[in-house]
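All residue numbers for the sequence shown refer to my numbering, where the first residue is 392 and numbers rise by one. Note that CB positions come from ideal geometry on N, CA and C, so glycine has one too. Following: one structure in structure tokens, then a few remarks.
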Amino acid sequence: MNLQHITKSIIVIFGATGDLAKRKLFPSLFNLYKSGRLTPEGFAVVGLARRDWKDDTLRDVVKHSIDDSENEEIINEFCSHFYYQPFDITEDQSYIMLNELLERLEYNYSIPGNRLFYMSVSPQFFGEIASSLKEYKLTQSNGWKRVIIEKPFGRNASTAEQLNDEIRQAFSEDEIYRIDHYLGKEMVQNIEVIRFANSIFEPLWNNQFIANVQITLSETLGVEDRGGYYDKSGAMRDMVQNHVMQIVSLLAMEPPIRLTPEEIREEKVKVLKALKPISRNEISDYFIRAQYSPGWIDGEEVTGYRSEKNVSPNTKTETYVAGKLLIENHRWKGVPFYLRTGKRMSSKSTKVVIEFKDLPLNLYSNVERKRVSNLLIINIQPDEGITIILNGKKMDIASKTKPVSLEYSNKIGSISNKPEAYERLIYSCIIGVATNFAHSDEVMLSWNYVDLILSAWENNETPLFEYQAGSMGPKAAEKMLAKEGFCWWPI
Ligand code: NAD
């Protein structure tokens with residue numbers, strides 16, 4: 392079967408009038424269309440939501456979501472593949488009508504029953520949609536069927552397990568694609584390549600040579616108009632349980648024997664299984680939480696978290712987490728993996744810093760830095776690339792060194808042709824490659840790890856620190872590294 396036949400499909404978007412659909416899904420589908428990965432011969436999109444729209448209303452919204460003034464003809468052609476059905480997730484009739492519409496479109500476009508259901512609605516509906524799809528036989532077409540589930544996947548281990556059970560009533564594990572959009576980012580996918588395609592790194596990638604690993608996901612934005620959602624979630628659920636844990640497993644996994652989704656997953660799962668469990672009374676040695684207080688971002692005064700719209704004035708929800716993970720296996724025993732993530736920090740950046748151990752005897756001192764370790768920095772966003780920090784000779788002073796950086800930046804190449812994370816992930820799902828999606832084993836292991844910490848925080852068993860908006864977090868996060876002889880590398 393050729394690729395064109397496999398990609399012939401109908402994409403059904405639940406929540407087509409929502410923010411995610413407009414900002415990410417429609418533009419990503421357009422890029423797939425423009426680049427020929429979705430072909431006019433076998434592609435249709437059905438948008439579903441409560442509003443009483445017509446096909447043309449949706450087509451108009453899709454058109455305006457695409458920022459590409461040079462390709463008006465292609466945009467119009469692309470939009471003509473969109474169909475809208477007013478839909479209530481809780482009503483049986485909606486599913487019956489949807490099945491009729493899908494059968495009609497499959498006939499008109501000669502699509503061999505391939506159906507991709509994209510759940511871009513509130514997570515409370517995921518289970519209900521899955522069981523209704525099965526009940527009304529929408530999952531019984533002749534082709535493949537797959538479902539993409541948006542985050543958050545549960546709010547703890549037990550709700551994630553329940554959600555898994557509900558979705559598995561209609562879809563098997565290999566048909567479930569749990570989105571973690573960080574896994575669609577170029578440099579996150581590049582972690583495997585840097586590690587496993589370069590002989591200069593892999594021999595050093597262990598506790599003999601690496602002193603610590605630092606993962607930073609910092610945002611300058613506050614909660615904007617998502618205060619209601621965020622206040623029930625917090626940084627641990629929103630960023631650590633999913634994105635940070637995925638990055639840790641890619642950094643720490645053993646080389647897979649093949650590049651298949653199954654082999655890679657197996658290695659990632661082993662990392663999560665090897666995380667050193669922490670007991671309740673040592674949580675504050677490993678994890679700290681904080682909230683932003685008023686401050687300044689880019690010269691503008693901003694409010695503290697507790698004064699944000701739709702946030703409770705007494706809220707204890709964390710907008711910042713710093714933590715230390717220990718991986719108890721041969722490769723990583725003794726190497727701390729530090730992580731920090733937060734809102735309203737001084738810069739927007741996603742970065743991994745690998746700090747190598749010092750030489751046993753280094754005869755040179757550095758004129759700029761007290762610490763002279765070599766660093767490998769993986770820049771994930773907004774810059775994409777890698778930087779290696781070495782020690783070079785300071786001109787005219789034989790015994791002194793200065794940091795020298797070797798940089799590779801993706802910006803050198805053509806950034807305008809760069810596929811967006813959602814674009815890659817949707818396409819991977821259409822061609823049935825699940826490598827860059829979260830498997831239920833990974834999701835469950837990760838929830839099991841963070842659940843204990845979240846429960847201690849909910850009981851106020853550890854301090855809730857403050858950090859000024861526009862800073863890099865609370866002092867407590869610096870102390871956590873300082874007491875182990877390390878510091879956060881500037882980002
Ligand atoms: P949104 O509130 O903007 O849109 C929700 C959509 O669901 C709307 O189209 C609405 O009509 C539809 N809907 C609600 N109740 C319905 C019902 N009973 N029947 C039919 N349709 C109904 O939400 P969003 O921001 O687009 O988020 C969608 C999903 O994506 C959520 O799971 C969210 O957590 C996730 N997500 C969103 C973002 C983002 O940037 N917006 C980022 C990451 C994850």
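- For ILE674, the enclosing alpha helix (DSSP H) begins and ends at 674–677.
- Cβ contact annotation for THR741 (same chain, cutoff 6 angstroms, sequence separation greater than five): LEU608, ILE771 and GLN772, in chain order.
- Relative to the ligand NAD, even the nearest heavy atom lies 7 angstroms or more away from the CB of THR550.
- Placement of the Cβ of ARG442 at a distance of less than 7 angstroms from at least one heavy atom of the ligand NAD is found.
- THR430 counts as exposed, since fewer than 16 other beta carbons sit within 10 angstroms of its beta carbon.
- In this structure, the beta-carbon distance from ASN765 to LEU781 falls below 8 angstroms.
- Take VAL702, set aside five residues on each side of it, and the residues of its chain with a beta-carbon closer than 7 angstroms to its own are VAL614, GLY618, ASP622 and TYR696, in chain order.
- About 3 angstroms separates the beta carbon of GLU557 from that of GLY518, a gap short enough to meet the 8 angstroms contact definition.
- Between the alpha carbons of ILE582 and GLU673 lies a distance of about 31 angstroms.
- Annotation: ILE480 is outside any beta strand (DSSP E) and is labelled neither H nor E by DSSP.
- Counting along the chain, no alpha helix (DSSP H) covers ILE591, and no H or E run does either.
- The three-state reading of DSSP puts ALA681 in strand, counting E and B together.
- Taking 8 angstroms as the cut-off, the Cβ atoms of ASN801 and GLY776 count as close.
- As computed with DSSP, PRO704 is found in no beta bridge at all.
- Apart from sequence neighbours up to five positions away, the residues of its chain that approach SER511 with a beta-carbon distance below 8 angstroms are ILE404, PHE405, GLY406, ALA407, GLY409, LEU411, ALA412, LEU416 and GLU541, ordered along the chain.
- Minimum Cα-Cα distance from LEU836 among the listed residues ARG656, GLU497 and THR651 corresponds to ARG656.
- Around the beta carbon of PRO727, 16 or more other beta carbons lie within 10 angstroms, which makes this residue buried.
- When DSSP states are grouped into helix, strand and coil, GLU775 belongs to the coil group.
- Boundaries of the alpha helix (DSSP H) around PHE517: 517–526.
- Boundaries of the alpha helix (DSSP H) harbouring PRO652: 652–664, taken from the DSSP string.
- Annotation for ASN555: the continuous alpha helix (DSSP H) segment containing it runs 548–559.
- The stretch 806–850 contains, as complete alpha helix (DSSP H) runs of 4+ residues, the segments 812–821 and 831–849 (chain order).
- At the C-beta level, TYR568 and ILE638 stay beyond 8 angstroms of one another.
- Taken from the Cβ of PHE417, every heavy atom of the ligand NAD lies 7 angstroms or farther away.
- Within the same chain, VAL758, LYS791, THR792 and LYS793 come within 7 angstroms of LYS785 by CB-CB distance, once the 5 residues on both sides are set aside.
- Here the C-alpha atom of PHE828 lies approximately 52 angstroms from the C-alpha atom of ILE788.
- Considering only PRO646, ASP483, SER640 and GLN682, the residue with the shortest C-alpha distance to ILE520 is ASP483.
- Taking C-beta atoms under 8 angstroms as the contact rule, ALA681 and GLU709 qualify, at a distance of about 6 angstroms.
- DSSP places LEU574 in no alpha helix (DSSP H); its state is neither H nor E.
- Pairing ASP832 with LYS748, the inter-Cα distance amounts to about 33 angstroms.
- Looking only at LYS454, CYS878 and ILE769, the smallest Cα-Cα distance to MET578 is reached by ILE769.
- For GLN637, no beta strand (DSSP E) segment is defined; the enclosing uninterrupted segment is the alpha helix (DSSP H) at 636–643.
- Residue ranges of uninterrupted beta strand (DSSP E) with 3 or more members, entirely inside the stretch 597–636 and ordered along the chain, are 601–609.
- Excluding the 5 residues flanking it on each side, ASN597 has same chain C-beta neighbours closer than 6 angstroms at ARG722, in chain order.
- Sequence-distant Cβ neighbours of LEU717 in its own chain, meaning closer than 6 angstroms and more than five residues away, are LYS667.
- For the ligand NAD, no non-hydrogen atom lies closer than 7 angstroms to the CB of LEU666.
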